[in-house]
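Residue numbers (our numbering), protein chains in the order written: chain A, 1 to 395; chain B, 1001 to 1179.
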């Protein structure tokens, strides 16, 4: 009877082939991306990039989101877009009004990605055919473009698998992915790709802010020794020199899987750093916020943003020049709500959290965007559609 | 041995004739209480997994083996991917793993906060909890391998998780996730 099980296993494998044949022709459409990402242009135009099933389009609004232009396609033909819960098409507008859109596709069933960018030099009337951000084809995901406010130059960072593939080929272990970056290099696109940090978590969105001219700061979920997936910040010393890795907090969340839940960063005009993140460690669960006086000192003690039984998720921080804003999502048993806190003293004291929007169905991450000293919540929900909600006028 | 071979042959014929496992049932708002009611009073394992969770896929064959070793074990598979997956792909994976005939559900609502809340209000959606191993071993029928799932943390399932003699599966190295 002992022999029976291997035999049965063989038969089951034979059955698999038959089952696959049976499935042939059955619709297996990829899950749909459901995101809207905003950016303000220098003239106060609100730009929005929308990802749907297999295409990406850009719309714009000159009346703060009340009405939008006709969509302009970024993807000329259908693409297998990255629909992961932390992935999104992104848009950035430089000080001269040049627009860049970034997004990723899945190359295969193993979730290897390919990151693309597309530009518009004619105020969004048309977009260039999408081109890969980097020549290496291994895998790139969670690409994030940010404009250096001092120069208008585009900086892009993403999670890259090339070093993992190289290590495996050499028979060496390589946990996670690498934090890669490249700077815009004229009309040719992006310059040489460099690796800033090896062995980061491979599945969480990044946050980027600028610490000074040519000095991006990136927050990401790192892999610390022992499969601990806590957060770290790397601040560049100059455009091509990533500084040391600064741990945001020691949550000690040991997990050998993908949280799909990335952090957020803001740097205030006084140089202070602000980070919010999700963790599910035994001793610390939910969303947390921490600040540091500058780029060289450790982060202070984490502050919990919500009770973990309200599913707090998707934090987002923004410095609008005068105030720091922090939003996140919670679920109250029936509805998803967006909670908002504001600080006017560099993150030392915060207002009580208040609900500024809600929905009773699926929703995108809540995002923040600012123009001319005014901050807004940007939120796509299935029932209500897209909303741009001013934060100052909340009761 | 002859008997076994004949039985295997019969099974082979049966499997060729009936290779099409049922699509997973759509797991929507209210499905959790329906599922719990169906298995009320019966010791049942509800195994939460996901197509987009590589360690879960590594682990699935162990559940198939366990099912074979313990035909008396009531097993329900629930694919709890954060973004709903095409039912045909869920079905294909389970069939390939030898779990095609097992009762199966799959998240079918993008409003996954709601679905998770119905299962466990404090569940943030993670499918692997290596750190929970020590406090789980007491009641987990699976033994428990390192990548055991939320099912033992969900309160309703906790009540259901009682099997007379826990069988064991030996811990297997779990591959790093790709997503």
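Every residue gets a Cβ at the ideal spot worked out from N, C-alpha and C, and that includes glycine.
Everything numeric in this text was worked out from a predicted model, so none of it was measured.
Anything in chain A within Cβ reach of residue 1183 of chain B, meaning under 7 angstroms, just list it in chain order. A query on residue 1183 of chain B cannot be resolved here, the shown segment of chain B reaching from 1001 to 1179 and no further.
Counting only the same chain and skipping the five closest in sequence on each side, list residues whose C-beta sits under 6 angstroms from that of residue 298 of chain A. Counted from its first residue, the first chain places residue 298 of chain A at position 298. None.
The stretch 55-74 of chain A: positions lying closer than 8 angstroms to chain D by Cβ: This model lacks chain D altogether; the protein chains it does include are A and B.
Taking Cβ positions only, does residue 1107 of chain B come closer than 8 angstroms to chain A? One-based indexing of the second chain puts residue 1107 of chain B at position 107. Closer than 8 angstroms: no.
Helix or strand or just coil, what does DSSP make of residue 244 of chain A? The sequence position of residue 244 of chain A within the first chain is 244, counting from 1. Residue state, collapsed to three classes: strand.
What residue range is occupied by the uninterrupted alpha helix (DSSP H) comprising residue 1062 of chain B? The count along the second chain starts at 1 and reaches residue 1062 of chain B at position 62. Counting along the chain, the alpha helix (DSSP H) containing residue 1062 of chain B begins and ends at 1054-1069.
Just by C-beta distance, which residues in the stretch 160-186 of chain A are closer than 7 angstroms to chain B? 175
Neighbourhood of residue 1097 of chain B by C-beta, 7 angstroms cutoff - its chain only, sequence neighbours within 5 removed: Here the question's residue 1097 of chain B lines up with position 97 in the second chain. The residues are 1060, 1061, 1064.
Under the three-state DSSP convention, the category residue 80 of chain A falls into: The residue labelled residue 80 of chain A in the question sits at position 80 within the first chain. Three-state DSSP puts residue 80 of chain A in coil, outside helix and strand.
Using the beta-carbon count (16 or more within 10 Å), is residue 120 of chain A buried or exposed? Taking the first residue of the first chain as position 1, residue 120 of chain A is located at position 120. Residue 120 of chain A comes out buried.
For the pair the stretch 177-184 of chain A and the stretch 152-162 of chain A, tell me if three or more CB-CB distances fall below 8 angstroms. yes
Am I right that residue 134 of chain A and residue 206 of chain A are in contact with their C-beta atoms under 8 angstroms? What's the rounded C-beta distance? By 1-based counting over the first chain, the position of residue 134 of chain A is 134. By 1-based counting over the first chain, the position of residue 206 of chain A is 206. Wrong, their Cβ atoms sit about 15 angstroms apart, outside the cutoff.
Please report the distance separating the alpha-carbon of residue 188 of chain A from that of residue 127 of chain A. Start at 1 with the first residue of the first chain, and residue 188 of chain A comes out as number 188. Start at 1 with the first residue of the first chain, and residue 127 of chain A comes out as number 127. Each residue's alpha carbon lies about 15 angstroms from the other.
Going along chain A in order, which residues have a C-beta closer than 7 angstroms to the C-beta of residue 1066 of chain B? Sequence index remark: in the second chain, residue 1066 of chain B carries index 66 (1-based). The premise fails here: residue 1066 of chain B is roughly 12 angstroms from chain A at the closest Cβ pair, so nothing lies under 7 angstroms.
Anticipated Cβ contact below 8 angstroms, residue 313 of chain A with residue 288 of chain A, distance rounded: To locate residue 313 of chain A, count along the first chain from 1; it is residue 313. To locate residue 288 of chain A, count along the first chain from 1; it is residue 288. Their Cβ separation, rounded to whole angstroms, is 12 angstroms, which puts residue 313 of chain A and residue 288 of chain A out of contact at 8 angstroms.
What are the partner residues of residue 61 of chain A, as DSSP defines its beta bridges? Locating residue 61 of chain A in the first chain gives position 61, where the first residue counts as 1. Answer by DSSP bridge pairing, in chain order: A:46.
Chain A contact residues for residue 1121 of chain B, given Cβ-Cβ distances below 7 angstroms: What you label residue 1121 of chain B is simply residue 121 of the second chain in a count that begins at 1. The contacting residues are 309.
Return the Cβ separation of residue 49 of chain A and residue 130 of chain A in integer angstroms, given the expectation that the two are a contact with Cβ distance under 8 angstroms. The count along the first chain starts at 1 and reaches residue 49 of chain A at position 49. The count along the first chain starts at 1 and reaches residue 130 of chain A at position 130. No, residue 49 of chain A and residue 130 of chain A are not in contact; Cβ-Cβ is about 12 angstroms, not under 8 angstroms.
Whole-angstrom distance between residue 259 of chain A and residue 291 of chain A, CA atom to CA atom: Mapped onto the first chain, residue 291 of chain A falls at position 291. Mapped onto the first chain, residue 259 of chain A falls at position 259. Using only the alpha carbons, I get a separation of about 23 angstroms.
Complete alpha helix (DSSP H) runs within the stretch 133-179 of chain A (minimum length 4 residues, chain order): 162-169
Closest by C-alpha distance to residue 346 of chain A, when choosing among A:173, A:321, A:361, A:362: For the purposes of this step, residue 346 of chain A is taken as residue 346 along the first chain, with counting starting at 1. Out of A:173, A:321, A:361, A:362, A:321 has the C-alpha closest to the C-alpha of residue 346 of chain A.
Tell me whether the beta-carbon of residue 367 of chain A lies closer than 8 angstroms to the beta-carbon of residue 37 of chain A. The residue you call residue 367 of chain A lines up with position 367 of the first chain. The residue you call residue 37 of chain A lines up with position 37 of the first chain. Cβ distance < 8 angstroms, so residue 367 of chain A and residue 37 of chain A count as in contact.
Tell me, which residues are paired with residue 238 of chain A by DSSP? Mapped onto the first chain, residue 238 of chain A falls at position 238. Partner(s): A:241.
Alpha carbon of residue 250 of chain A to alpha carbon of residue 231 of chain A, nearest angstrom: Residue numbering aside, residue 250 of chain A sits at position 250 when the first chain is read from its first letter. Residue numbering aside, residue 231 of chain A sits at position 231 when the first chain is read from its first letter. Looking at the two C-alpha atoms, the distance is approximately 8 angstroms.
The alpha helix (DSSP H) enclosing residue 327 of chain A, as first and last residue numbers: On the first chain, position 327 is the one that residue 327 of chain A refers to. No alpha helix (DSSP H) contains residue 327 of chain A, which is instead part of the beta strand (DSSP E) from 324-331.
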